[in-house]
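The numbers in full-length UniProt numbering rise by one with no breaks, and the one at position 382 of the sequence shown is 382. For every residue, glycine included, the Cβ atom is placed at its ideal position computed from N, Cα and C. Working notes, beginning with the structure itself.
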Amino acid sequence: MLYLSRCSTNKNGHAERSRSISPAAVALDYLRGRDASTALSMTVFSLHQNPFLMKLLFAAALGALPLLAQAQAETFVLNGKVANARANSKAYLRYSIDGKAVIDSAWVKKDGAFSFKGTVPGPVAANLAFTHQGTALAKTRDMTSVYLEKGTIKVATPDSATKAVVAGTPINALANQLREQMKPLDAQGKALGQQYMAARAKQDKPAMDALEAKFDANDEAQRKVAAEFVAVHPNDRFSLFAVKQAVGYAPKAAEYAALFEKLSPKLRATPEGQKIATQIAKLQSVAVGALAPDFTQKTPEGTPLTLSSLRGKYVLIDFWASWCGPCRQENPNVVAAYNTYKDKGFTILGVSLDRENGQGAWVKAIAADGLVWHQVSDLKFWQNAVAQQYSVLGIPQNFLLDPAGKIVATNLRGEELQTKLAQLLMPVK
Numbered sequence: 001m002l003y004l005s006r007c008s009t010n011k012n013g014h015a016e017r018s019r020s021i022s023p024a025a026v027a028l029d030y031l032r033g034r035d036a037s038t039a040l041s042m043t044v045f046s047l048h049q050n051p052f053l054m055k056l057l058f059a060a061a062l063g064a065l066p067l068l069a070q071a072q073a074e075t076f077v078l079n080g081k082v083a084n085a086r087a088n089s090k091a092y093l094r095y096s097i098d099g100k101a102v103i104d105s106a107w108v109k110k111d112g113a114f115s116f117k118g119t120v121p122g123p124v125a126a127n128l129a130f131t132h133q134g135t136a137l138a139k140t141r142d143m144t145s146v147y148l149e150k151g152t153i154k155v156a157t158p159d160s161a162t163k164a165v166v167a168g169t170p171i172n173a174l175a176n177q178l179r180e181q182m183k184p185l186d187a188q189g190k191a192l193g194q195q196y197m198a199a200r201a202k203q204d205k206p207a208m209d210a211l212e213a214k215f216d217a218n219d220e221a222q223r224k225v226a227a228e229f230v231a232v233h234p235n236d237r238f239s240l241f242a243v244k245q246a247v248g249y250a251p252k253a254a255e256y257a258a259l260f261e262k263l264s265p266k267l268r269a270t271p272e273g274q275k276i277a278t279q280i281a282k283l284q285s286v287a288v289g290a291l292a293p294d295f296t297q298k299t300p301e302g303t304p305l306t307l308s309s310l311r312g313k314y315v316l317i318d319f320w321a322s323w324c325g326p327c328r329q330e331n332p333n334v335v336a337a338y339n340t341y342k343d344k345g346f347t348i349l350g351v352s353l354d355r356e357n358g359q360g361a362w363v364k365a366i367a368a369d370g371l372v373w374h375q376v377s378d379l380k381f382w383q384n385a386v387a388q389q390y391s392v393l394g395i396p397q398n399f400l401l402d403p404a405g406k407i408v409a410t411n412l413r414g415e416e417l418q419t420k421l422a423q424l425l426m427p428v429k
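Structure follows, in structure tokens:
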């Protein structure tokens, strides 16, 4: 699994980047991208440590944080204290309920105190940010994360929100425990992130590739810690968040299902537990071995094109967008694979997640990158019907189908695509 470079967005249409449990990992994933609702649910417990990450994730937070809806509403009180409070400071609490953004704000008093009170259907991952002396909310780096649940939540910020201590309720307490367990790996990830950004600035591809491998190992180790945490806490509601942390940004159906089974029957039966069960079932429908769901979307010229019309060849369904830098960086690899195997029973169907006003940018990117294969889109950004049908949370992402339409591989990047196609189309005799 390639770890760096994938593109994401929040549900309000702001392109963002995030993913993994490690804050540094999230920063690097900003170069990639994926659905921020997933990203933030997986990083909410570790955002205290990296201001750069905070900025990256803050724009993604609005309307993107996942809701754990329980049967009855829960009233929360959040009391905070900012040390050395500055003049004209304001606190913002942002989260989502049923996909609808909620933004609350409170002035920070002269003594540094601030408070919020509200009702949520169940535990919600939220973003707490501060602006000072007219700083724009979208530009602030002074932020942290918190779970909203029944009870009184206490937030103490010694100097900045990035070092905030959150306490007072069960889920926040367990989040702190997992955060502590992650600290060594998180520190390693942060160091790797800094090295990667330096290598990227120099366009040092060998160094970037080497760091990607190290990041993959770090990510795998963190996901293992999260999975072990779930196994030890099968009855705790925080485990419904931790499960998502453990499976990562592109969960495999079998792995997800196995981890889900470690939760208690009572937890699995909750509304959020059932939501996860539905996600698993959806992933199973596009897992390796499954018949790829058929779909029809329009080409740039407005002509409907149906996936099943391409049967008889190996088909790569390639999810991308003109605005996605990592997709554009990956396109030369896809072009090379196409040119090598286009006459050997292989073709590509690009599915663009461009915006409603992005027709021109989409067409321009197709020409600029030399994407001469089939292209379709409904220009609905992350609400693209095919992306949702295939549970796409980040791009670039792809699915390789055999001539009968069965999925034989997913998420093939770089040399992996060439290697897989060689195995299938040029087998060694």
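Exercise for the section: Can you say whether W382 is buried or exposed, counting buried as having 16 or more other CB atoms within 10 angstroms of its CB? Expected result: Position 382 of the sequence shown, counted from the first residue, corresponds to residue 382. Residue burial annotation: W382 is buried, with at least 16 other C-beta atoms found within 10 angstroms of its C-beta.
Practice task
Put N176 into one of helix, strand or coil per three-state DSSP.
Solution key: Here the question's residue 176 lines up with position 176 in the sequence shown. Helix.
Exercise for the section: Return the residue from the list K163, P265, D369, A336 that minimises the CA-CA distance to C324. Expected result: Working through the sequence shown from its first residue, we reach residue 324 at position 324. Minimum Cα-Cα distance from C324 among the listed residues K163, P265, D369, A336 corresponds to D369.
Exercise for the section: Just grab the DSSP bridge partners of S352 for me. Expected result: If you number the sequence shown from 1, residue 352 lands on position 352. When beta bridges are read from the DSSP output, S352 appears opposite W320.
Exercise for the section: Using DSSP bridges, identify the partner residues of residue 471. Expected result: For the chain, the structure presents residues 1 to 429; residue 471 sits outside this window and is missing.
Problem - Pair within 9 Å by beta-carbon distance, D401 and V408 - result: As a position in the sequence shown, residue 401 is number 401, starting the count at 1. As a position in the sequence shown, residue 408 is number 408, starting the count at 1. Sequence inspection shows Leu at residue 401; the Asp mentioned does not correspond to that position. Contact check for L401 against V408 passes: the beta carbons are separated by less than 9 Å.
Problem - Sub-9 Å separation of I280 and F238 beta-carbons - result: For this step, residue 280 is matched to residue 280 along the sequence shown. For this step, residue 238 is matched to residue 238 along the sequence shown. Not a contact, by the Cβ cut-off of 9 Å.
Exercise for the section: In angstroms with no decimal places, state the Cα-to-Cα distance between F130 and P293. Expected result: Reading the sequence shown from its first residue, position 130 is the one you call residue 130. Reading the sequence shown from its first residue, position 293 is the one you call residue 293. Roughly 45 Å separates the two Cα atoms.
Problem - Backbone CA spacing between A106 and Y92 [nearest angstrom] - result: Here residue 106 refers to the residue found at position 106 when the sequence shown is read from its first residue. Here residue 92 refers to the residue found at position 92 when the sequence shown is read from its first residue. In a straight line, the C-alpha of A106 is about 7 Å away from that of Y92.
Exercise for the section: Tell me the start and end of each unbroken alpha helix (DSSP H) in the region 126-153 that is at least 4 residues and wholly inside, in chain order. Expected result: Fully enclosed alpha helix (DSSP H) runs of 4 or longer: not present.
Handout entry: Residues bridged to D104 [DSSP beta-bridge criterion]
Key = The residue given as residue 104 occupies position 104 in the sequence shown. DSSP, once it has assigned bridges, lists L93 as partnering D104.
Problem - Whether residue 465 touches P234 by CB criterion (9 Å) - result: Residue 465 lies beyond the residue range present for the chain, which begins at 1 and ends at 429; the question has no answer from this structure.
Exercise for the section: Could you please give me the residues that DSSP links to T296 through a beta bridge? Expected result: On the sequence shown, position 296 is the one that residue 296 refers to. Residue pairing by DSSP places T296 opposite T306 in a beta bridge.
Exercise for the section: Express the C-alpha separation of L371 and N384 in angstroms, rounding to a whole number. Expected result: Taking the sequence shown and counting its residues from 1, one reaches residue 384 at position 384. Taking the sequence shown and counting its residues from 1, one reaches residue 371 at position 371. Approximately 20 Å between the Cα atoms of the pair.
Exercise for the section: With distances taken Cα to Cα, identify the nearest neighbour of V102 among G112, K109, A85, P121. Expected result: Taking the first residue of the sequence shown as 1, we reach residue 102 at position 102. Among G112, K109, A85, P121, the Cα nearest to that of V102 belongs to P121.
Exercise for the section: Measure the beta-carbon distance from M153 to G168 and round it to whole angstroms, keeping in mind my assumption that it falls under 8 Å. Expected result: Counting from one through the sequence shown, the residue named residue 153 turns up at place 153. Counting from one through the sequence shown, the residue named residue 168 turns up at place 168. In the sequence as displayed, the identity of residue 153 is Ile instead of Met. The C-beta separation of I153 from G168 comes to about 5 Å, placing the pair in contact by the 8 Å criterion.
Practice task
Please list, in chain order, all residues of the same chain as A173 whose beta carbon is under 8 Å from its beta carbon, the five residues on each side excluded.
Solution key: What you label residue 173 is simply residue 173 of the sequence shown in a count that begins at 1. If we look at A173 and ignore the five residues flanking it on each side, its Cβ neighbours are A167.
Practice task
Could you tell me whether the Cβ atoms of V376 and L305 are closer together than 9 Å?
Solution key: If you number the sequence shown from 1, residue 376 lands on position 376. If you number the sequence shown from 1, residue 305 lands on position 305. The Cβ-Cβ distance between V376 and L305 falls below 9 Å.
Problem - Residues of its chain near residue 451, where Cβ-Cβ distance is below 8 Å and the 5 sequence neighbours each way are ignored - result: As displayed, the chain neither begins before 1 nor continues past 429, which places residue 451 out of reach and without an answer.
Handout entry: Residues near V82 in its chain [Cβ-Cβ closer than 6 Å; skip 5 each side]
Key = For the purposes of this step, residue 82 is taken as the residue at position 82 of the sequence shown. Excluding its 5 nearest sequence neighbours in each direction, V82 has C-beta neighbours in its own chain below 6 Å: V108, G112, T157, listed in chain order.
Handout entry: Contact set for A257: own chain, Cβ-Cβ below 6 Å, skip 5 residues either direction
Key = Reading the sequence shown from its first residue, position 257 is the one you call residue 257. Answer for A257: I280, listed in chain order.
Practice task
Kindly indicate which residue of S89, F346, A138 has the alpha-carbon position closest to the one of R311.
Solution key: Counting from one through the sequence shown, the residue named residue 311 turns up at place 311. Ranking S89, F346, A138 by Cα distance to R311 puts F346 first.
Practice task
Buried or exposed for D98, please, with buried defined as at least 16 other CB atoms from any protein chain shown within 10 angstroms of its CB.
Solution key: As a working note, residue 98 is residue 98 in the sequence shown. It is exposed - the Cβ of D98 has fewer than 16 other Cβ atoms within 10 Å.
Practice task
Could you tell me how far apart the beta carbons of A321 and S285 are, in whole angstroms, since I believe they sit closer than 8 Å?
Solution key: Walking along the sequence shown from the start, residue 321 turns up at place 321. Walking along the sequence shown from the start, residue 285 turns up at place 285. S285 and A321 do not touch by the CB rule: their CB atoms are close to 23 Å apart, not below 8 Å.
Exercise for the section: Report back the beta-carbon spacing between L178 and A242 to the nearest angstrom; my notes put them in contact at under 8 Å. Expected result: Locating residue 178 in the sequence shown gives position 178, counting from the first residue. Locating residue 242 in the sequence shown gives position 242, counting from the first residue. Between A242 and L178 the Cβ distance is about 6 Å, and since that is below 8 Å, they are a contact.
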